[in-house]
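For reference, the structure is listed below as structure tokens.
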Amino acid sequence: MFQNFLLRKMLRLKGVPEAQIEMFVRMMEKNPELFKTIAEEVEQKVKGGMDQNSAGIEVMKKYEQELKKLV
2 MFQNFLLRKM
12 LRLKGVPEAQ
22 IEMFVRMMEK
32 NPELFKTIAE
42 EVEQKVKGGM
52 DQNSAGIEVM
62 KKYEQELKKL
72 V
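Letter 7 of the sequence shown, counting from 1, is numbered 8 in the numbering used here, and no numbers are missing.
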């Protein structure tokens with residue numbers, strides 16, 4: 002899938018280890034709707050004035066149980 006190719010390329014450029022890249026891609030393939038929801042919620046929090054790191058952490062904590070099921 003083209004999205005996976007771009008995601009892998011971006012993560013490699015950021016220096017993410019290959020094993021983590023593969024794990025992340027598999028998680029996204031298992032439940033793409035969850036990651037779409039997470040991205041939308043992070044975006045809303047950033048638009049509301051929160052910095053991106055804090056927004057990401059807050060939203061990830063909200064979906065922690067669902068993410069653990071994907072690993």
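All C-beta atoms in this analysis are idealised placements derived from N, C-alpha and C, irrespective of residue type, glycine included.
Among the residues of its own chain, which have a CB less than 6 angstroms from the CB of residue i, if the five just before and after it don't count?
{"i": "L12", "result": "I22"}
{"i": "Q83", "result": "No answer is possible for residue 83: it lies beyond the span of the chain, which begins at 2 and ends at 72."}
In terms of alpha-carbon separation, which member of the options lies closest to residue i?
{"i": "K70", "options": "E19, M29, P18", "result": "M29"}
{"i": "E67", "options": "G49, I39, N54, V43", "result": "I39"}
{"i": "R60", "options": "V72, G50, K46", "result": "The sequence shown places Val at residue 60, not Arg. Nearest C-alpha to V60: K46."}
Considering just the uninterrupted stretch of the alpha helix (DSSP H) at residue i, what are its terminal residues?
{"i": "P33", "result": "33-48"}
{"i": "V60", "result": "53-63"}
Using only the heavy atoms of the ligand GDP, determine whether one of them is closer than 7 angstroms to the beta carbon of residue i.
{"i": "Q66", "result": "The ligand GDP is not among the ligands present in this structure, which contains no ligands whatsoever."}
Can you find the residues in the same chain that come closer than 7 angstroms, C-beta to C-beta, to residue i, ignoring five residues on each side of it along the sequence?
{"i": "E42", "result": "V60"}
Just to confirm my understanding: we take residue i, look at its own chain, exclude 5 residues before and 5 after, and list those with CB closer than 8 angstroms. What are they?
{"i": "V26", "result": "N5, L8, R9"}
{"i": "V1", "result": "Nothing in the structure corresponds to residue 1, since the chain is present only between 2 and 72."}
Uninterrupted alpha helix (DSSP H) stretches inside the region 3-30 (no shorter than 4 residues): 3-14
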